[in-house]
Each structure stands twice: as structure tokens, then as C-alpha cells.
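Reading through the C-alpha cells given below for one structure.
Protein chains in written order, with my numbering: chain E, 19 to 329; chain U, 69 to 361; chain H, 7 to 332; chain W, 1165 to 1503.
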């Protein structure tokens, strides 16, 4: 089992490399001069040349590629063009807010979704099922930033229960700031995950071994939880992984709405202000999380699926 | 129990449209959303005739007005008519939201079928890249490509195409692989039929159903994603209205009026919901095994 | 014969919405005595598996529904019991094994846990006793190295071994009746021989009554005492195993036996039953075999033949059975 | 007047992952078919029997070059099939055809019966609609369907009828050789007889050769002229049907024959029940691959792989302990007249 975990970790390295290559190719080889993109259409040729030199953009492409990889490996992302902080410092400052939001939202979403999904599956076709379907449809149709804006208008602006912007200072203040954005994302995740739980469970409940469990005298509760849900956990875990990444990227918009000093806010600000080093680093950090979550998922699978264990 | 579990009739009996219409007629809710969808499309197409005001016309005389007989949805902090902005915004949102998944479907299906049918190095390359892209949430890919490309109309289309094509490639590849091992494809090979003809006659017709299903459902996602990117300032740019950037504008003026946010968000929600419901009906006809109830 | 352990009376099962329901099982009656093995033969769509699921009340409902009939276990009608009492009977009084050993075991639970779960559900034993009993059962069904195999997962077993595990699980609570639904169909012929031999051994050891369902007449001939032939949801013939193979009374049974290649018809053209099994919706009021029957008469078209006795132990539903022998 | 149609020599197929980067992962290459040789004459039926995973279906596909062989050679009607270019191969396909096991999967669900049967014709230049129609009408009548069925879709037919359509497609261009891959095992007993009879009728009419792949010994006994028994990718016994069935020399063939459940109670007495399971094709035992289950196994079996050696006229057995035996068998082992 340990060997398999190690194997998966090794597998993640080429994936990360590929992801970095993708980021590099997109940022450097797509149409558009990064220097012009950074300095704007009206920059003088001298300015552009200076910028290119600073950023190493006048090196041959393959050299740029290795410089880029080396910078990532040594966690040296250079200096921001706008802020006085280094890029590394900026990321360190902003990252915690994004992580706490993602974790809080996923916790809320999962805790709401699992019971809802099980109820919907076992009460298939009844009113509880229809309500979760409507919940899921709305959850899919309402954009997260719109729901966030509505929450902000109602609970922060009009009712004044929650702060309007910022990330908070001490622990309880941070929780207070976190509540509304986390609930916004969490409830949308719950809509998706409850439906996923329902369909995964329903699919598992069709399986032959469920019939075996009934035939040996298992009561419905036991059949559904011990045999059904335990097996449905496999697709649900995949859904949780996807959902975590979607929440992570969804936090970009939510951070903008609630004006939280998170990574998404930093990234979007950098794109807008053409702060090229910050933008590049922000995307690399997101890519890192994508690879990390997928790795975590692979490892979780080793623990919950015996078939993978004996591979 | 083959006699009891006869599968529902497929598109080869009746035309697809006939079946789809029959399915829609059975569901009053789907009818309602189809009606909504048609209205939204008509409004977007004839925005020039329907919108009561010029959407970019500013007026200092009527800033942040509440809804009234003159301005059904009020005005924003530049005094622009919110209803007119939403009507014009529908254009951008719908065009990008419909065109990009179609292009993505064509590109993705091509790649997926090539990878799935011919295998070999082409498959390895395509699969590896597709797997990687699939690991990224669509929004993140959108942000990445938008950061590199910019935010014109075709830039947005390209952004969404890159974000969605991997989904189609994955489905096309998987279904092609499944079809390839079907005995009827092997039978065609053993009859001396060439690969291109097999793809055209046996593979594409059998996978097109699932591609169309995914396509209709991804249109809804595309509209939402375009709105999100515009909201983040990476999509359609002000003063050109799109539903996403109306909300962005609204957020900057949240103390002045919340009407633009509420109205534009409702427009997105309704449109996504409508596409989704109609997409579900399409799926129920084309791909009845995966239906959700 | 002594009092039957299991008695099924006029069982009918419907599928589909109320009003538009189709009757897939019609008036099925039979009984199984203590220690007896009853074989049920039929082709796909004959309703043999549905009948066995109905005994356990495991028919997916909706859309399925038991419309009429009784299923008596030692005189007690199971269909009268509230559904909440069925789990106490399943696995304890009546156990079942299925056709697909590959998919009938829970993939994320160890073999040992699955067997000891069955024991836990019905026997008042502590964990240690259960463990011991499970090992005994594994040994009994011929699984080598049971301590080690206890911790194995189903995917680590071959099809034949999984079917042994299913048998161990089914017999772990000493059921009165074992229903085996095509237990060897998914297995290769040499493995099938192993499993059949195991079932024969265990039958003598446990004195369990067995209902064996199969489409394979060879398998039925191998271990059944009596045979029930089903066609289109009805019992068309029932007899002792020797009678049915030597002297089939129903034209369907006869056709079935003659269409199997064997030493006796080698080199000859095989007998073939013309036509195909009619769909459930197309079954008329008369004999369901009418369209394909070489002995059909006018009466068969619209009137359903009742069961006529050919001998004390042999009956068949056919008007062509001569009056004299009835 | 026998005339050799197909010659298979030392055919092997190894399924291996294309490349292995990670040295920690197990080698998962599988030798599915190992050094298989046989001949088929014009108009003859050779049955390939064995249990699942023994490589019999793979062999059928290698012979038709629906799969490319790793080693060995197939000669069909004097042509080296392995050496043909893909366009030459396509031309040859009118002469060699296949009937599949799965009557539901082998017909494209979205095409009519007419389109399905016309496909091989179109591939061979018969494109005139009227000519196609005429031929399809004849073919449908030959396989016992009505010409009106032409416009229907596969799902409107039962399993047996679909198998008839599959046969009509296979014989559309008048092939001289057909691989029948478990053609009746997905069918109900009463329908099996119909299809077996049909295949025999067609064989007589067209003087076709069959490679009849099956696990059902009763049907093989009925339809085959010669029988080859496979175990873990190798042919372990091959010979005329009468000899193989009445005097099998390989212990596996003996066990296989005795294991088939029989209605006749007399046959049940002398059953040989093998112990253990078939080993995985990725871990084939050394020497004789059957030794792990063989009641006769000796040390030599683990060291040396027994070659196929002649034990009677036309009968070859791959067992260290098989001895030549005198054959006193008529064309049929039991008198036919009693039926």
C-alpha cells in the first residue's frame, strides 16, 4: 500500500511538469506580446525592450522555459511590477484566505449534500427527491458570483449581519468574514454533490451485490449504508475532488464580490493591471493545487478501493 | 426479462425532431422553458427593435433610478437604462455561449475520434493533454487563456473552446473506443470496409447522440462561464454590455442601486435554467439510459 | 412424501403500471419436500428467475408486483408477512445464490466479512464464534488456506472460487431452502463440474431443500430429483427427473430435448422448434406454445390447457395428452 | 478430393503494454496464443474448443487478420495473409468472413437489414441498387427470413433472427471460409438447433470451410469434422472428431469431455473433476501448462513442454504420457439407428 502511494506521488511529478509546460506555452506562445500586454499598447520601444530584458523575454524560448521551471522549483517568482512586495510574499499573504474559504465551503457542502443525496435516492420519485432536484437545478443555474452578490446585498448591506468586505483579523473576526462567502459556495456545492450522491447511490443500488445483501437478510438501512453508500463513495470521491477544484476556482469570483484579500483577487488584479510576474505565479499556484488535489484523490482511492490496492 | 424491458424507441423510428417534440409535449415545465428560451433568443436577435433605449447612452439626469414606467428595471450609476443593457447583453452572452460549445464539439470530437480509432502515438499525445486539461476546472482554463489572449469576442470564443473541447474529446474518445470493440465494427472491417467509411458510417452516427446531449448541456455552462469571466473583467468589456459585466458594474455601485445586479443575475439564471431543462429533454430522447429520474 | 418445506401456490407476477400491467408469471404452483432438489428449466423470458425472486420477495417494486398466490414456508404464507419481517427469513430460512459470481459479491468488503455478516444477521454469536464459523464454512466449500482467504477481496478470486464463497455464505445459517439461480451458467465447464460436485456433497451433508434454476438440461439432470419446465411464465410440465427425460409429455419439453445435439442424434439434422418465443404482450388467451406446437389443435388456440396427470408424479399442461393416460 | 484451403503455422499473439516507463509496475504481457498450427480443407469444419481465456477467439481473429499476429504465418488459398497490404487484404475479405457470438452487438443498431447486408457488397464494387436488392432478397430467403424484413432495424428481431442476418452478411460475397465465433452460445436452446441446422445447410450449398469456435462440446460433436482443443493459448490435442471424442489422449481433453453435464445418466458415472482453476494467461506454468491441474503430472512436465505428437491417424496430442493407440472406430462412435 505504501508502495502504491509512493508510486502515485512519483506519477504526480510528470503531471506537474506537463501542467507547468501548459502554463508556459499558453502565456508565451499564444498570440500577443507579453511586454505589450504588460505595459499596454502605448509603451515606447525602449520601455518594451527594458521590460523584456528584466523578464528574460529576449532569451531563446527554450532557455526561457528552463528559467521558468527553475524559478518554480526554487519558488522564486521575482518582484511585482506594481506592489513593493515580492511575488512570493504576495502569495503567502493571500493564499490563506483562499484556502480557508475553499475548505469551509467544501465542508459545508459535503455535510449538507450527503444526507440530502441519500434521502433523495431512498425516497426516489417522492417529494423529498423532487425538492433536491429543484435545488440541484437552481444550484447549477445560479452563478456563484450572483448568489454571492445577493447574499451581500441582503445579509451584509441591508441586514448588516455580516461584514461587507475584507478578510478579518483575529480568529473570530476571520470566521465572521468567512461565513457568508463560504455559505454561498457551500450551498452551490451541496446542490451538485447531493445530486451526485443520489445518482451514484442509485446506480450502486442496482448492482447484484446489493441483491445479495438483501438475500442474506440485511435490513434496508444496512443494505443502503454498509453496502450501498460504501460503494457509492468511489464516484462521490471523484465528485468531491472535482468539486474542490471548482470551489477553488469559484473562489476567484467570490473573493471579488466580498472583496476578500485572497489569491483569486490577487490574480484577477494582476491580470487587470498587467502585473506579469504576479499573474504567472498565481496561475502556477492554481495549477499546483490542481495537481495536488488529483494526487490526493488518487491516494484516497488506494484506501477506499481494494481493487486498486492489489493492482 | 427482455420482453418487459424493451428499450424506448430510438431516433431511427421517427425523426429526431418529432420525438423531441413529443417528449417536450409530455412535460409542461419543459414547454414553459422552451417558450422562455425562444423569447430570450428573439429578444437577443431583435435587440435593436426591442430595447427601449440605447444601452450605452449615459445621462446624468437619471442616475440610479428605481424601476418605473419609463425604465422598467431602473437605471444604473451612469444613467443607462438597465433593461436595454440586459437586452443587448443577451446578444453577447448567447452568441458566445452557443458558438463556442459548437466549435469545441467539432474540434473535440475530431480529436477524440482520431485518438480512439487510430490509437498509437496520436492517442497517447491527445489523451495526455486532454487528461491534463480535464483536471483543470473550466473557469481556471478560461482565466489562463483569457489572460494570454485578451477579451475580444473571438478571444472569448477561443477561451471557451479551449475550456470545453477536452470534455468533448474525452467523450468522443471513450465512445469511439467502445464502438471500436463492438462486433458490428469488427464485422465491417471483416467485410473489407475502409477506416474512413467505418468512422463515417458506424462510429459517428452512434456517438453523435451523446455528443449532442453533452453539447446542449454545455451551452448552459458556457453562458455561465462567459458571465463569470465578464464579471471578473476578463470577458466582454465595458461599456459594451454583457450580463456578467453588468453585475461587475453593479458591484461598484452597490450602495447606489442593486437593481442591475438583481436583473442581470436573474437573466443569467433563467437562461441557464432554460437551456438546461431543454437539454435534459434532448438527453431523455437521445440517451435515455442516463436520464436522471 | 412428507409435508413440503416450500409450497408455491398460484403465483402470478405483474410488471408495469396498474391497469396496463403485463403478467410475466402466471399461476405457478409447485412444492419442494425436505431434502429434495427441484429443478426449474426454461429459456430466457420463461420467468424462472422471477419466480425465485418472488419467493424471497425480492422483486423490484415498482414496477413489479406479486398479483396473486401464496408462498408457504413450512405452512406459513410469506406473502402475508409485513415486509419488515422478511429480512429475518432471507438468508436464515431461505438462502439464495445467483448466476453472476463476478458481480454478486460486494467488491469493497473482504470475503470473510461478507460471510460473517450473514452469520451475524441471524445467529446469536460473538465475533470470535463468527470468525470460527466462517473459517469452517470456507473449508467446507473447499477454499484452501481459509485464514488467509478470509481477508481477501472478491476481485482476488476466480469465478469458481467466488461461487464457492456464495455457497458458503448461503449455507452459513443452515437454511431450510436454498435457491440456486443458474449457479454455474457463468462458469467454464470444468469449473462447473467442480461446483456441481460441491453442491451435491453439501446437499447430502446438510439435507437442505434446493430449488435449482437452469436453462441447461444437463445440469438439471445432474442433480435434480424433480423437474419443472416453464414456458412463457407458466409451468407446462412437472415430473420426476427420470420421467421427464425418458418420456416428456409436453410438446415443448419434447422439442427442447430433441433439439439438443447428443450421441443419439449425431450425424442427423437437429430437430428444431419452429418460430420464436412470443413477447409478453403478444400472449393470447390460449396455450402459449400454440404458434410453435406441432401437435396443436383448434381448442389450444383460445383455451388454456389445464395440467393433466400423466402419472402420480408427472403432469403436463397440454390437450394433446391422450385421455387414456390422464 | 480434399484440397487444402487454409494453413496456419506457428501462430502466436502476445498482448503487451506498448511501453513500460515505471519499473515498479508488473510486467503484464500476456501470451494469448502460443505456437498454434493447423490446416483446414475446402468444405471442412474444424472446431476450436476450450474454456474462456484459452485463446480460441483470438486465434480466429488472427487467422482473418482482424488482429495482427506476433509470430507465425497464415496461408489462405496460397496467399500469405500476413504479408498482404491493407488494400490486398480488403480484397481477400470477400473470401474469408466471420459470424459473431453476440447477435445484439454484431449488427449496427442504426442501420437497416438492407444496409447491413449491402455493406460488404458495396465494399466490393456491387453498388447498383437493383443488383444489391436482388442479391439481398436471395440471401434473406436462404437464411430463412422474408425479403420484407429488409427495411427493418436489427432490434425488431429476436436473437436467433439477428444471427440469421449476421450469417446472411457473412455469406453475401460467397466466401470459401467462415470463422464462426461461438455463433450459438448466446441463443436459447431451442433456437440453437435452428442456427446449427442453417449453418450446416449453407455449408453444403456453398462448400464452405468453417473454423467453428465453441465451448459447447455437444454442438461441436454435432457440427465438426475435426476438433482442436486449446488450453492456455496452445493446441493440446487435435484430430478427427470421432477419434478425439471416443479416444481422447490428453488428460485435459478427457476431463473436458467428462465434465460436460449430460442428460444420459450412464455418462455421469465416469466424471473426472479437475482440481483448481485455470492459471492466469500472464503467468503460464513452465513446461506443460496443464500440469498444475493434471492428475498425471510428473517432474518432467514442469521441465519440458510436450510437443504435439501423432497418436493415431490424424490425431496429435501434446502430452508426455500419450501413447500411440490403435483406432477401431467407424465414422461414427455409436450406431445412429436407435434414434
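Ideal Cβ positions, reconstructed from N, Cα and C, are used throughout, including at glycine.
- Near chain E, meaning a CB-to-CB distance below 9 Å, no residue of the stretch 25-54 of chain H qualifies.
- Taking 7 Å as the CB threshold, residue 1284/W lines the interface with chain U.
- Take residue 154/E, set aside five residues on each side of it, and the residues of its chain with a beta-carbon closer than 8 Å to its own are 209, 210, 212 and 213, in chain order.
- DSSP, read as helix, strand or coil, puts residue 137/U in coil.
- The C-beta of residue 305/H has fewer than 16 other C-beta atoms within 10 Å across all chains shown, which makes the residue exposed.
- Here residue 232/H has 44 and 246 as same chain residues with Cβ atoms under 6 Å from its own Cβ, once five neighbours each way along the sequence are excluded.
- Secondary structure note for residue 1439/W: it is in no alpha helix (DSSP H), with a DSSP letter that is neither H nor E.
- For residue 261/E, there is no enclosing beta strand (DSSP E); the residue is found in the alpha helix (DSSP H) stretching over 248-275.
- Listed in chain order, the beta strand (DSSP E) elements of length 3 or more contained wholly in the stretch 71-152 of chain H are 100-103.
- Of all residues in the stretch 244-267 of chain H, the ones placed with a Cβ closer than 7 Å to any Cβ belonging to chain W are 251, 261, 262, 265, 266 and 267, in chain order.
- Judged by DSSP in its simplified three-state form, residue 276/U adopts helix.
- Contacts with chain H (Cβ-Cβ distance below 7 Å) from the stretch 233-263 of chain E involve 233, 234, 235, 236, 237, 245, 248 and 249, listed in chain order.
- The alpha carbon of residue 217/E has as its nearest neighbour, out of 261/E, 187/E and 254/E, the alpha carbon of 254/E.
- Boundaries around residue 320/H are those of the beta strand (DSSP E), 320-322, since no alpha helix (DSSP H) includes it.
- Under DSSP, the beta-bridge partners assigned to residue 1261/W are 1342/W.
- Judged by their CB atoms, residue 1344/W and residue 1374/W are nearer to each other than the 7 Å cut-off.
- In this structure, 200/U is the residue among 267/U, 101/U, 200/U and 97/U with its C-alpha nearest to the C-alpha of residue 311/E.
- Residue pairing by DSSP places residue 245/H opposite 233/H in a beta bridge.
- Counting the other CB atoms within 10 Å of its CB gives residue 189/U a total below 16, which places it among the exposed residues.
- Contact between residue 339/U and residue 108/U holds, since their C-beta atoms are separated by about 6 Å, short of 8 Å.
- Residue nearest to residue 200/E within the set 234/E, 165/E and 152/E is 165/E (criterion: CA-CA distance).
- According to the DSSP assignment, residue 291/E belongs to no beta strand (DSSP E), since it is labelled neither H nor E.
- Per DSSP, the unbroken beta strand (DSSP E) holding residue 1404/W starts and ends at 1398-1404.
- Listed along the chain, the chain H residues whose CB falls inside 9 Å of the CB of residue 231/E are 112, 120 and 123.
- Measuring C-alpha to C-alpha distances from residue 1386/W to each of 287/H, 128/H, 268/H and 313/H identifies 268/H as the nearest.
- Contacts with chain E (Cβ-Cβ distance below 8 Å) from the stretch 210-239 of chain U involve 211, 212, 213, 214, 215, 216, 217 and 218, listed in chain order.
- With contacts defined as CB atoms closer than 7 Å, residue 69/H and residue 21/H qualify as a contacting pair.
- If you check the CB distance, residue 326/U and residue 313/U do not come in under 7 Å.
- For residue 203/H, the chain W residues whose Cβ falls inside 7 Å of its Cβ are 1437, in order along the chain.
- With distances taken between CA atoms, residue 261/H lies nearest to 1353/W out of 1353/W, 1393/W and 1286/W.
- Residues of chain W with a Cβ closer than 8 Å to the Cβ of residue 282/H are, in chain order, 1322, 1324, 1325 and 1355.
- With at least 16 other beta carbons inside 10 angstroms of its own, residue 161/U counts as buried.
- In the three-state scheme derived from DSSP, where H, G and I count as helix and E and B as strand, residue 19/E is classed as coil.
- Taking all protein chains in view, the Cβ of residue 89/H is surrounded by fewer than 16 other Cβ atoms within 10 Å, so the residue is classified as exposed.
- At least one beta carbon of chain W lies nearer than 7 Å to the beta carbon of residue 199/H.
- In terms of Cβ geometry, residue 114/H and residue 324/E form a close pair [threshold 7 Å].
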